[in-house]
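Peer 1:
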Amino acid sequence: MTIRIHNTLNGRKETFEPRDPERVTLYACGPTVYNYAHIGNARPAVIFDLLYRVLARRYPNVVYARNITDVDDKINNTAAEQGVSIDVISKRFATIYHEDMAALGVGRPSVEPRATDHIDDIIVMIEKLIERDCAYVAEGHVLFNVEQFEDYGRLSKRDMREMIAGARVDVAPYKKHPADFVLWKPSDDDQPGWDSPWGRGRPGWHIECSAMSAKHLGEVIDIHAGGQDLVFPHHENEIAQSRCAHGTDTFARYWMHNGFVTVEKRKMSKSLGNTLIVHELLKQWPGEVLRYVLLSAHYRQPLDWSDRALEQARATLDRLYGLLRDHPAGTSAGQPDQAVIEALEDDLNTPTALAEINRLARELGKADGQESASRAATLKASAGLLGLLQSDPDAWFDQRRAEVTIDESEIRDLIDQRNKARAERDFGTADRIRDELADQGIVLKDGPDGTEWEASTQ
Numbered sequence: 010m011t012i013r014i015h016n017t018l019n020g021r022k023e024t025f026e027p028r029d030p031e032r033v034t035l036y037a038c039g040p041t042v043y044n045y046a047h048i049g050n051a052r053p054a055v056i057f058d059l060l061y062r063v064l065a066r067r068y069p070n071v072v073y074a075r076n077i078t079d080v081d082d083k084i085n086n087t088a089a090e091q092g093v094s095i096d097v098i099s100k101r102f103a104t105i106y107h108e109d110m111a112a113l114g115v116g117r118p119s120v121e122p123r124a125t126d127h128i129d130d131i132i133v134m135i136e137k138l139i140e141r142d143c144a145y146v147a148e149g150h151v152l153f154n155v156e157q158f159e160d161y162g163r164l165s166k167r168d169m170r171e172m173i174a175g176a177r178v179d180v181a182p183y184k185k186h187p188a189d190f191v192l193w194k195p196s197d198d199d200q201p202g203w204d205s206p207w208g209r210g211r212p213g214w215h216i217e218c219s220a221m222s223a224k225h226l227g228e229v230i231d232i233h234a235g236g237q238d239l240v241f242p243h244h245e246n247e248i249a250q251s252r253c254a255h256g257t258d259t260f261a262r263y264w265m266h267n268g269f270v271t272v273e274k275r276k277m278s279k280s281l282g283n284t285l286i287v288h289e290l291l292k293q294w295p296g297e298v299l300r301y302v303l304l305s306a307h308y309r310q311p312l313d314w315s316d317r318a319l320e321q322a323r324a325t326l327d328r329l330y331g332l333l334r335d336h337p338a339g340t341s342a343g344q345p346d347q348a349v350i351e352a353l354e355d356d357l358n359t360p361t362a363l364a365e366i367n368r369l370a371r372e373l374g375k376a377d378g379q380e381s382a383s384r385a386a387t388l389k390a391s392a393g394l395l396g397l398l399q400s401d402p403d404a405w406f407d408q409r410r411a412e413v414t415i416d417e418s419e420i421r422d423l424i425d426q427r428n429k430a431r432a433e434r435d436f437g438t439a440d441r442i443r444d445e446l447a448d449q450g451i452v453l454k455d456g457p458d459g460t461e462w463e464a465s466t467q
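For the sequence shown, counting from 1, position 21 maps to 30 in this note's numbering; every step adds exactly one.
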């Protein structure tokens, strides 16, 4: 089976055929590091980390670039409010972003370019656009002239009037056309800036990604990925300026976009007070639980975030880790199940892949002996493709025990009371104690060596 992905550019699922199978190129828009990442920011990080894993299984050299935007008006404003330089803000939140994404099982990309390290590349690219009459200088700004690019709007499938409305553009008097966008803008003495042929200033957001992509991946790349909210204007602008600067018919051959995250069926927004910060969620939930929820819906569809979804994900992981604990793989070397591979290679169909993981778990639960070890190894290898079930089961349940608010000595005391009640055939009291513990997420397991407990949502 070949890898198939839905290409936003053409609006259909296509067989992925790289320009050079020996060097597959993937670019995903990364964070603007001025604050903590919210769960909507985490979705593309998890999804395109998974895409990288899927591609790397088939191709020997996948170069994955995910940028960091470390110069931006939001960063400038935060730095000014705190009375520090922009690099203090960007370095702080880039570090937190890396730590939080690592907790979700997201690996580092092959290369992680930062905008401030590519100012010279940005300036050179802008100069090319001016030379080709695709950009112009006006009142210290350099702007891209959208009327010079006939394909403008092809990705977002909007006409010019719709795009102007959607962009919320600043219709400045120095623009030739309301949709023209900034490539370079002047900086005052209190703003970060760099010397350029057009005076001291800083780059616009769109040109940063085009310059970094060209620098590290080439003028034409295989896949460009990001959130659905970036289709217009960001990605539309990237296409225009990249193709015009390089004189190519194509910038990215495939475009992939993930859907939005809602919270209890409502759009995440500051005004509603429902913006979920990953850093805070990780204080309440294991990162693997968050990853499972982020993979539970198909990446192109909306994902509704809720406490119920988190509880269900944790219960599922408890069950799966419990199976791996009770049916260890031992030294068996497992290979991923073909059905899981096929699901992931079919446009990252994670709901189907997770269903297949649960099928493998059911088969493991019925197995014994050598077959049990073999099936456990297959389950672990298959889940590994999704970045799941790679912890030691005992470590997982130790972590779950640590989440329990009731004191362990109190648990042992209640177990002793229950054992005494059972010995006295006072089964009503024994059941009450068991239920009381269950209400607090404690599951009791009676065995020949006594009663053990574990934390569980089941």
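All C-beta atoms in this analysis are idealised placements derived from N, C-alpha and C, irrespective of residue type, glycine included.
1) Helix, strand or coil for Arg277? Go by DSSP, reduced to three states.
2) Please state the DSSP three-state secondary structure of Pro360.
3) Mapping DSSP to helix, strand and coil, what is Ile248?
4) Hey, how far is the Cα of Thr460 from the Cα of Asp435?
5) Assign Trp462 to one of three DSSP states: helix, strand, or coil.
6) Of all the options Thr78, Gln91, Asn85, which has the alpha carbon lying nearest to the alpha carbon of Thr125?
7) Hey, would you say Ala322 sits closer than 8 Å to Tyr308, going by beta carbons?
8) Measure the alpha-carbon distance for Ala324 versus Gly235 and round it to whole angstroms.
9) Consult DSSP for Ala376 and reduce its assignment to one of helix, strand or coil.
10) Would you grab the beta carbon distance between Gly282 and Leu312 for me? Rounded to a whole angstrom, and I think it's under 8 Å.
11) Kindly indicate the opening and closing residues of the alpha helix (DSSP H) around Asp129.
12) Have a look at Arg211, Ser381, Thr284 and flag the residue whose alpha-carbon is nearest the alpha-carbon of Asn85.
13) If we ignore side chains and look at the alpha-carbon of each, how far apart do Asp455 and Ala404 end up?
14) Please classify Lys454: does DSSP put it in a helix, a strand, or coil?
15) Assuming Ala338 contacts Ala370 under a Cβ cut-off of 8 Å, what Cβ separation, rounded to an integer in Å, is found between them?
16) Starting from Glu121 and walking both ways along the beta strand (DSSP E), at which residues does that stretch end?
17) Pick out whichever of Val270, Ala392, Arg421 has its Cα sitting closest to the Cα of Arg52.
18) Since Val287 and Tyr45 should fall inside the 8 Å C-beta cutoff, what is the C-beta to C-beta distance between them, to a whole number of angstroms?
19) Leaving out the 5 sequence neighbours to the left and right, which residues in its chain are closer than 8 Å to Leu332 when beta-carbon positions are compared?
20) With H, G and I counted as helix, E and B as strand and the rest as coil, what does DSSP make of Glu433?
21) Which class does Gly202 belong to by DSSP, given the choice of helix, strand or coil?
22) Determine the direct distance from the alpha carbon of Ala318 to that of Leu353, and round the result to whole angstroms.
23) Which residues in the same chain have their Cβ closer than 6 Å to the Cβ of Pro402, if we skip the five residues on either side of it in sequence?
24) If you draw a straight line from the alpha carbon of Val80 to that of Ile95, how long is it in whole angstroms?
25) Under 8 Å, do Ala220 and His127 count as touching if we go by C-beta distance?
26) If you draw a straight line from the C-alpha of Glu31 to the C-alpha of Arg117, how long is it?
27) For His266, report the span of its beta strand (DSSP E) as first-last.
28) Looking at the unbroken alpha helix (DSSP H) that takes in Leu64, where does it start and where does it end?
29) Whole angstroms are fine: how far does the CA of Glu228 sit from the CA of His255?
30) Quick check on this structure: which residue in Phe25, Ile12, Ala54, Leu164 has the alpha carbon closest to the alpha carbon of Leu303?
31) When the Cα of Thr41 is compared with those of Glu380, Leu395, Arg101, which residue comes out closest?
Peer 2: A quick look at the data gives this:
1) Translated into positions along the sequence shown, residue 277 becomes position 268. Residue 277 is actually Met in this sequence, not Arg. In this structure, Met277 counts as coil in the three-state DSSP scheme.
2) Residue mapping note: residue 360 aligns to position 351 of the sequence shown, counting from 1. Three-state DSSP puts Pro360 in a helix.
3) Taking the first residue of the sequence shown as 1, we reach residue 248 at position 239. Here Ile248 sits in helix by DSSP.
4) Mapped onto the sequence shown, residue 460 falls at position 451. Mapped onto the sequence shown, residue 435 falls at position 426. Those two C-alpha atoms are separated by around 17 Å.
5) Taking the sequence shown and counting its residues from 1, the one referred to as residue 462 is at position 453. Note: Trp462 maps to strand in three-state DSSP.
6) Counting from 1 along the sequence shown, the entry for residue 125 is found at position 116. Taking only the C-alpha atoms, the option nearest Thr125 is Thr78.
7) Mapped onto the sequence shown, residue 322 falls at position 313. Mapped onto the sequence shown, residue 308 falls at position 299. No, they are not a contact pair.
8) Stepping through the sequence shown from its first residue, residue 324 is reached at position 315. Stepping through the sequence shown from its first residue, residue 235 is reached at position 226. Distance between the alpha carbons of Ala324 and Gly235 is about 30 Å.
9) Indexing the sequence shown from 1 puts residue 376 at position 367. Coil at Ala376, not helix or strand.
10) On the sequence shown, residue 282 is found 273 positions in, with the first residue counted as 1. On the sequence shown, residue 312 is found 303 positions in, with the first residue counted as 1. Not quite, the Cβ-Cβ distance comes to about 20 Å (not below 8 Å), so this is no contact.
11) Looking up residue 129 in the sequence shown gives position 120. Looking at the DSSP string, the run of the alpha helix (DSSP H) that includes Asp129 is 128–140.
12) Here residue 85 refers to the residue found at position 76 when the sequence shown is read from its first residue. The option with the nearest alpha carbon to Asn85 is Arg211.
13) Residue numbering aside, residue 455 sits at position 446 when the sequence shown is read from its first letter. Residue numbering aside, residue 404 sits at position 395 when the sequence shown is read from its first letter. Cα to Cα, Asp455 sits roughly 21 Å from Ala404.
14) On the sequence shown, position 445 is the one that residue 454 refers to. Lys454: strand per DSSP, three-state reduction.
15) Taking the sequence shown and counting its residues from 1, one reaches residue 338 at position 329. Taking the sequence shown and counting its residues from 1, one reaches residue 370 at position 361. Contact doesn't hold; Cβ gap of about 13 Å is too wide.
16) For the purposes of this step, residue 121 is taken as residue 112 along the sequence shown, with counting starting at 1. Per DSSP, Glu121 belongs to no beta strand (DSSP E) and is neither H nor E.
17) Taking the first residue of the sequence shown as 1, we reach residue 52 at position 43. Arg52 has its Cα closest to that of Val270, out of Val270, Ala392, Arg421.
18) As a first step, residue 287 is located in the sequence shown; it is residue number 278 there, counting from the start. As a first step, residue 45 is located in the sequence shown; it is residue number 36 there, counting from the start. Going by Cβ atoms, the distance from Val287 to Tyr45 rounds to 7 Å, so yes, they are a contact pair.
19) Here residue 332 is taken as the residue at index 323 of the sequence shown, counted from 1. Here the set comprises Ala370, Leu373, Gly374, Ala385, Leu388.
20) Sequence index remark: in the sequence shown, residue 433 carries index 424 (1-based). In the structure shown, Glu433 sits in coil (DSSP, three-state: anything other than H, G, I, E or B).
21) Taking the sequence shown and counting its residues from 1, the one referred to as residue 202 is at position 193. It is coil, neither helix nor strand.
22) Here the question's residue 353 lines up with position 344 in the sequence shown. Here the question's residue 318 lines up with position 309 in the sequence shown. Each residue's alpha carbon lies about 22 Å from the other.
23) For this step, residue 402 is matched to residue 393 along the sequence shown. Here the set comprises Tyr330, Leu333, Arg334.
24) As a position in the sequence shown, residue 80 is number 71, starting the count at 1. As a position in the sequence shown, residue 95 is number 86, starting the count at 1. Each residue's Cα considered, the two are about 7 Å apart.
25) Along the sequence shown, one-based indexing puts residue 220 at 211. Along the sequence shown, one-based indexing puts residue 127 at 118. Cβ atoms of Ala220 and His127: closer than 8 Å.
26) As a position in the sequence shown, residue 31 is number 22, starting the count at 1. As a position in the sequence shown, residue 117 is number 108, starting the count at 1. When rounded, the distance between both Cα atoms is 21 Å.
27) Reading the sequence shown from its first residue, position 257 is the one you call residue 266. 261–267 is the extent of the beta strand (DSSP E) around His266.
28) In the sequence shown, residue 64 corresponds to position 55, counting from 1. Where Leu64 is concerned, the enclosing alpha helix (DSSP H) stretches over 48–67.
29) Counting from one through the sequence shown, the residue named residue 255 turns up at place 246. Counting from one through the sequence shown, the residue named residue 228 turns up at place 219. Those two C-alpha atoms are separated by around 7 Å.
30) The residue you call residue 303 lines up with position 294 of the sequence shown. The candidate whose alpha carbon is nearest that of Leu303 is Ala54.
31) For this step, residue 41 is matched to residue 32 along the sequence shown. If we check each option's Cα against that of Thr41, Arg101 comes out closest.
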